[in-house]
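Step one of this worksheet: look at the structure below.
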Amino acid sequence: MTLSTIERMGGGIALLAVIVAGVTTLRPLLVPDTAPVQTVFRTLSSLEPRIVGLAVAAVTGILLLTLLLFSRPTKATDETFRRLRDAPPETVTVTGVDQAGTEFDADISAGRSNKRDQLRKIAVAEVAFDNGETAAEDVVATGKWTENRPAALFVGDEVEPTLFERLRTWLDPESEHQRRMLATIEAIETKAEEGQR
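Taking the working numbering, the leading residue of the sequence shown gets 1240, the next gets one more, and so forth.
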């Protein structure tokens, strides 16, 4: 980006003002002892410091405002943006792509439902030893067949998960599914051991 003439002039004046202020503050003996300089020093020393500070702030503000109002972007940048807007350097080359992992997700979902169905049938068969086939379906569906809550959730259709259980499923569905499946296997084993006594 190139600087405009006004921006160069403003920058030069600001740099000169900083240099003069620095020299007069740090090395006042380096300032030439001429009549105009003496007049400026006498005038400034007779003023109250607060007024001098306000005057410097006002002059700086006016300079900055002038720079902001009268400086405009150069035509080169406008031309570059217009050219890139008309003919962007990159374009879309692919129209339709399958989302990665969709087949894998479908396989996992199918496997999940198969495992759930298999474990549900085993749980119903285990409960049927005590309660009969028809009652076993209802007992497993409502989750009353075990005190193991994750197992009851896994195979029970009428078991309502708590907010905490929903949150766990939402945060990490894979590990929660695995946890519930293992709990169901454990509950079925416990039920089978109880039936053997």
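We treat Cβ as the ideally placed atom computed from N, Cα and C, and that holds for glycine.
> What are the start and end residues of the alpha helix (DSSP H) that includes Val1270?
Replying inline: Premise fails: Val1270 is in no alpha helix (DSSP H) and is neither H nor E.
> Whole-angstrom Cβ separation of Ala1431 and Glu1365, contact assumed at under 8 Å?
Replying inline: 6 Å
> By DSSP, does Ala1374 sit in helix, in strand, or in coil?
Replying inline: helix
> For Asp1356, which three-state DSSP category applies?
Replying inline: helix
> Since Val1394 and Arg1355 are thought to touch, with beta carbons under 8 Å apart, how far apart are those beta carbons, to the nearest angstrom?
Replying inline: 7 Å
> Residues in its own chain within less than 8 Å of Leu1358 by CB, not counting five upstream and five downstream?
Replying inline: Phe1393, Val1394, Met1420, Thr1423, Ile1424 and Ile1427
> Would the beta-carbon of Ile1245 fall within 7 Å of that of Phe1320?
Replying inline: no
> DSSP state of Asp1369, grouped into three classes?
Replying inline: helix
> When the distance is taken between beta carbons, is Val1270 closer than 7 Å to Thr1263?
Replying inline: yes
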